[in-house]
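Visitor: Read left to right, the sequence shown gives residues 1 to 71 (the working numbering).
Positions of the beta carbon are idealized from the N, C-alpha and C atoms, including for glycine.
Before I ask anything, here is the structure I am working with.
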Amino acid sequence: MADPSLDELKATVEELSAYRDRLKDDVVAMGQKLKLPQKRIELTLSEHPELQRLEAVLAQLDEQIRSESNT
């Protein structure tokens, strides 16, 4: 399997970032709907497993883009 191109990596980062932002917005909206305190919503965001996984993948992709750009 061929390594992804720089454009493919950037497109993937854009798509995952958009998904992460939508997920964050959904979590915040649900917390507000449930009338949770803002601190509880922020704690939920920081502990959300899918958001943590997305952040890790995005960091890995950013590192891969940086290394591809330097070659």
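Taking the straight line between their C-alpha atoms, what separation do you get for Pro4 and Glu50?
Guide: Looking up residue 4 in the sequence shown gives position 4. Looking up residue 50 in the sequence shown gives position 50. Cα to Cα, the separation comes out at about 24 Å.
Visitor: Can you name, in chain order, every residue of its own chain whose Cβ lies under 7 Å from the Cβ of Leu23, other than the five neighbours on each side?
Guide: The residue given as residue 23 occupies position 23 in the sequence shown. Contacts found: Glu50, Leu51.
Visitor: Under 8 Å by Cβ, that's how I've got Leu16 and Leu58 pegged, so tell me the actual separation to the nearest angstrom.
Guide: Stepping through the sequence shown from its first residue, residue 16 is reached at position 16. Stepping through the sequence shown from its first residue, residue 58 is reached at position 58. Between Leu58 and Leu16 the Cβ distance is about 6 Å, and since that is below 8 Å, they are a contact.
Visitor: Enumerate in chain order the residues of its own chain whose CB-to-CB distance from Gly31 is below 6 Å, with the five nearest sequence positions on each side excluded.
Guide: As a first step, residue 31 is located in the sequence shown; it is residue number 31 there, counting from the start. Contacts found: Ile41.
Visitor: Of the residues Thr71, Asn70, Arg66, which one's Cα is nearest the Cα of Lys10?
Guide: Within the sequence shown, the letter at position 10 stands for residue 10. Looking at the Cα atoms, Arg66 is the closest of the given residues.
Visitor: Rounded to a whole number of angstroms, what is the C-alpha to C-alpha distance between Pro37 and Val28?
Guide: The residue given as residue 37 occupies position 37 in the sequence shown. The residue given as residue 28 occupies position 28 in the sequence shown. Cα-Cα distance, rounded: 11 Å.
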